[in-house]
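Residue numbers (my numbering): 12 to 318.
Only one structure is covered here, and it is reproduced in the block below.
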């Protein structure tokens, strides 16, 4: 069992769950109906975990050279078993999205396609980080699809803006992690750190109300800027940038992977902050749920790799 949990990097799945709560609450004020929310959580878990498993399946030859202790090259999981496992998870994810509704199924199908394209081919190209950022973008929209009446309704403000900012952030994280099995090029770490901060700027523009003033939002539904939350976002960004600076100073696998882990788990903190900004005090319980998911992610991360 542990080998399969390691194959799909199970601790990281909680960041995908947080995105679903964020996306859903950008469209609905509460997590109801619970059947739709539960279906979307199962959908994102299936798709996310399958993507991690497919990643190792397609990278098995590279892992045999650089990461021989991974489940497939070490022989703990046969290739056939890993393929069945990944296929089953993706099938569960797509089936669960259909339970949530037709718009959710369509978004999930696009997301599944992006996952397979990234793992099989795009990961090794210059646009690999963009592809992974697109997957995160679509995952937030998968959450929003649960509250959308039609597929077209998914592609509206504010979820498009928020999902795009989160996607840019993850594109930067993905670029940052590209060479984490060896010594990472410092120039690449600096450039990818810049992209990570572009994602922060996109979120700050929304939370400060600047995006609304620029015409990207709904003046009736969107709350005014909350500068105390902008300050909180700045503190989060400083924490992440501290890890980036440390990695630039020491681009060894251990330091870079620790920075990547910090950036990934920070997603749950961002989800919580954004939910609270958009839903105010009534949204506080949902924000706390996102923050609470850090506990199992950190606990499991002590035994299972997240990168």
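The beta carbon of each residue, even a glycine, is placed where N, CA and C say it ideally should be.
Taking the alpha-carbon of residue 98 as reference, which of 212, 68 and 77 has the nearest alpha-carbon?
The residue labelled residue 98 in the question sits at position 87 within the chain shown. The shortest Cα separation from residue 98 among 212, 68 and 77 belongs to 68.
I believe residue 100 touches residue 64 by the beta-carbon criterion, under 8 Å. Please report the beta-carbon distance rounded to the nearest angstrom.
Along the chain shown, read from residue 1 onward, the residue named residue 100 stands at position 89. Along the chain shown, read from residue 1 onward, the residue named residue 64 stands at position 53. 7 Å between Cβ atoms; contact.
Could you check whether residue 142 and residue 133 sit closer than 8 Å to each other, using their CB atoms as the reference points?
For the purposes of this step, residue 133 is taken as residue 122 along the chain shown, with counting starting at 1. For the purposes of this step, residue 142 is taken as residue 131 along the chain shown, with counting starting at 1. Yes, the pair counts as a contact, with Cβ atoms nearer than the cut-off.
Thinking C-beta only, is residue 244 closer than 8 Å to residue 279?
Position 268 of the chain shown holds residue 279. Position 233 of the chain shown holds residue 244. Their beta carbons are not under 8 Å apart, which means residue 279 does not touch residue 244 by this criterion.
Could you give the distance in angstroms between the alpha-carbon of residue 287 and the alpha-carbon of residue 144?
Counting from one through the chain shown, the residue named residue 287 turns up at place 276. Counting from one through the chain shown, the residue named residue 144 turns up at place 133. The straight-line gap from Cα to Cα measures roughly 23 Å.
Starting from the C-beta of residue 216, find all residues in its chain whose C-beta is less than 7 Å away, skip the five residues before and the five after it, and write them out in chain order.
In the chain shown, residue 216 corresponds to position 205, counting from 1. Hits under 7 Å: 222.
Alpha carbon to alpha carbon, how far is residue 224 from residue 42?
Here residue 224 is taken as the residue at index 213 of the chain shown, counted from 1. Here residue 42 is taken as the residue at index 31 of the chain shown, counted from 1. Distance between the alpha carbons of residue 224 and residue 42 is about 29 Å.
Roughly how many angstroms lie between the CA atoms of residue 165 and residue 24, to the nearest whole one?
For the purposes of this step, residue 165 is identified with residue 154 of the chain shown, where counting begins at 1. For the purposes of this step, residue 24 is identified with residue 13 of the chain shown, where counting begins at 1. Each residue's Cα considered, the two are about 23 Å apart.
Would you tell me roughly how many angstroms separate the C-alpha atoms of residue 85 and residue 37, rounded to the nearest one?
In the chain shown, the residue the question calls residue 85 occupies position 74. In the chain shown, the residue the question calls residue 37 occupies position 26. Looking at the two C-alpha atoms, the distance is approximately 43 Å.
May I have the straight-line CA-CA distance separating residue 16 from residue 315, to the nearest angstrom?
Your numbering for residue 16 matches position 5 in the chain shown. Your numbering for residue 315 matches position 304 in the chain shown. Residue 16 and residue 315: Cα-Cα distance of roughly 7 Å.
Rounded to whole angstroms, what is the Cα-Cα separation between residue 33 and residue 234?
Working through the chain shown from its first residue, we reach residue 33 at position 22. Working through the chain shown from its first residue, we reach residue 234 at position 223. Going by the C-alpha atoms only, they are around 16 Å apart.
When the Cα atoms are used, what is the spatial distance from residue 157 to residue 106?
Along the chain shown, read from residue 1 onward, the residue named residue 157 stands at position 146. Along the chain shown, read from residue 1 onward, the residue named residue 106 stands at position 95. Going by the C-alpha atoms only, they are around 14 Å apart.
If I'm right that residue 357 touches residue 90 with Cβ under 8 Å, what's the distance once you round it to whole angstroms?
Lying outside 12 to 318, the shown extent of the chain, residue 357 is not represented and no answer is given.
Please name the residue, chosen from 272, 192, 163 and 304, that lies closest to residue 254 on a Cα-to-Cα basis.
Residue mapping note: residue 254 aligns to position 243 of the chain shown, counting from 1. For the residues 272, 192, 163 and 304, the minimum Cα distance to residue 254 belongs to 272.
Can you tell me where the alpha helix (DSSP H) holding residue 211 begins and where it ends?
Your numbering for residue 211 matches position 200 in the chain shown. 197-218 is the span of the alpha helix (DSSP H), which, as asked, contains residue 211.
Would the beta-carbon of residue 35 fall within 8 Å of that of residue 58?
Sequence index remark: in the chain shown, residue 35 carries index 24 (1-based). Sequence index remark: in the chain shown, residue 58 carries index 47 (1-based). No.
Taking only runs of the alpha helix (DSSP H) that begin and end inside the region 19-77, which ones reach a length of at least 4 residues, in chain order?
24-36, 45-69 and 71-77
Nearest CA to the CA of residue 188: which residue from 177, 71 and 265?
Within the chain shown, residue 188 is the residue found at index 177, counting from 1. If we check each option's Cα against that of residue 188, 265 comes out closest.
Which residue comes first and which comes last in the alpha helix (DSSP H) that contains residue 183?
Start at 1 with the first residue of the chain shown, and residue 183 comes out as number 172. Note, residue 183: alpha helix (DSSP H), 170-187.
Residue 315 by DSSP, collapsed to three states: which one?
Within the chain shown, numbered from 1, the residue matching residue 315 stands at position 304. Three-state DSSP puts residue 315 in coil, outside helix and strand.
When the Cα of residue 281 is compared with those of 19, 228 and 305, which residue comes out closest?
The residue you call residue 281 lines up with position 270 of the chain shown. Taking only the C-alpha atoms, the option nearest residue 281 is 305.
Starting from residue 5, trace the alpha helix (DSSP H) both ways and give me its first and last residue.
Since the first and last residues shown for the chain are 12 and 318, residue 5 lies out of range.
When burial is assigned at 16 or more other CB atoms within 10 Å of the CB, is residue 226 buried or exposed?
As a first step, residue 226 must be located in the chain shown, where it is residue number 215. The residue is exposed, with fewer than 16 neighbouring Cβ atoms inside 10 Å.
Grab me the residues of residue 113's own chain with a C-beta within less than 8 Å of its C-beta, minus the 5 sequence neighbours each way, in chain order.
Translated into positions along the chain shown, residue 113 becomes position 102. 162.
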